[in-house]
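Numbering (our numbering), first residue to last: 381 to 589.
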């Protein structure tokens, strides 16, 4: 469900400059006004909210195109320099990379505090080192802009949400998770606890400091 909503959202963001131009020009206001001629042609009369439903389908199709091989990267390059839209697409790419890391790490999404600020950001552990002072984790953080930071043995992370509950739209708008999930299943752990719980440290792949 989140994936489909994400596609509609990406499609809306890509079309947002066009919508703003139309809205300020006084030509259209909602999906019904946009698609009413087509609805009347197909059904013979205007039906409330059918045009809006067609608009949602149109936005979903645009968002879906960005997930299609070859077509998606081509569109991303086209819109890369468009203000706001390009930044959203860049963060979407970063989110897709994090999603792959969530699948390979085994612990799923984690949430970290960026520079010890209040809100939490979706993140993924990319590497783990064992040093004389304990574990040192390199973590890719879905912040604005995306960053890769170091977290130490006793730093606290949060986890418990499935990957399907975190979308690129959250990251694009900079939404941060709360320390307690609405369902009450957000778990708290130190870097050391989560590394050992999910066996994230691989000694043969990492040279000891």
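We put the beta carbon where it would ideally sit given N, CA and C, even for glycine.
When DSSP labels each residue in this structure, what does residue i get in the three-state scheme?
i           : result
residue 464 : coil
residue 503 : strand
residue 493 : strand
residue 543 : helix
residue 483 : helix
residue 575 : helix
residue 454 : helix
residue 514 : strand
residue 400 : helix
residue 567 : strand
residue 394 : helix
Grab me the residues of residue i's own chain with a C-beta within less than 6 Å of its C-beta, minus the 5 sequence neighbours each way, in chain order.
i           : result
residue 562 : In this predicted model, residue 562 has a pLDDT of only 46, less than 50, meaning its place in the structure is not dependable; the value taken from the coordinates is given anyway. Excluding positions up to five away in sequence, the list is empty.
Taking the alpha-carbon positions, what's the residue i to residue j distance?
i           : j           : result
residue 523 : residue 505 : 14 Å
residue 507 : residue 477 : 14 Å
residue 538 : residue 571 : 10 Å
residue 501 : residue 525 : 12 Å
residue 451 : residue 421 : 31 Å
residue 463 : residue 393 : 11 Å
Might you give, ordered along the chain, the residues of its own chain that have their beta carbon closer than 8 Å to the beta carbon of residue i, omitting 5 neighbours on each side?
i           : result
residue 503 : 478, 489, 490, 491, 492, 519, 520, 521, 522, 537
residue 487 : 505, 539, 574, 577, 578, 580
residue 456 : 446, 469, 473
residue 528 : 506, 518, 519, 520, 521
If residue i sits next to residue j, beta carbons under 8 Å apart, how far is it from one beta carbon to the other, in whole angstroms?
i           : j           : result
residue 535 : residue 514 : Wrong, their Cβ atoms sit about 10 Å apart, outside the cutoff.
residue 443 : residue 387 : 3 Å
Who does residue i pair with in a DSSP beta bridge?
i           : result
residue 530 : 518
In chain order, what residues of the same chain lie with their CB nearer than 7 Å to the CB of residue i, ignoring the 5 residues before and after it?
i           : result
residue 439 : 388, 391, 392, 395
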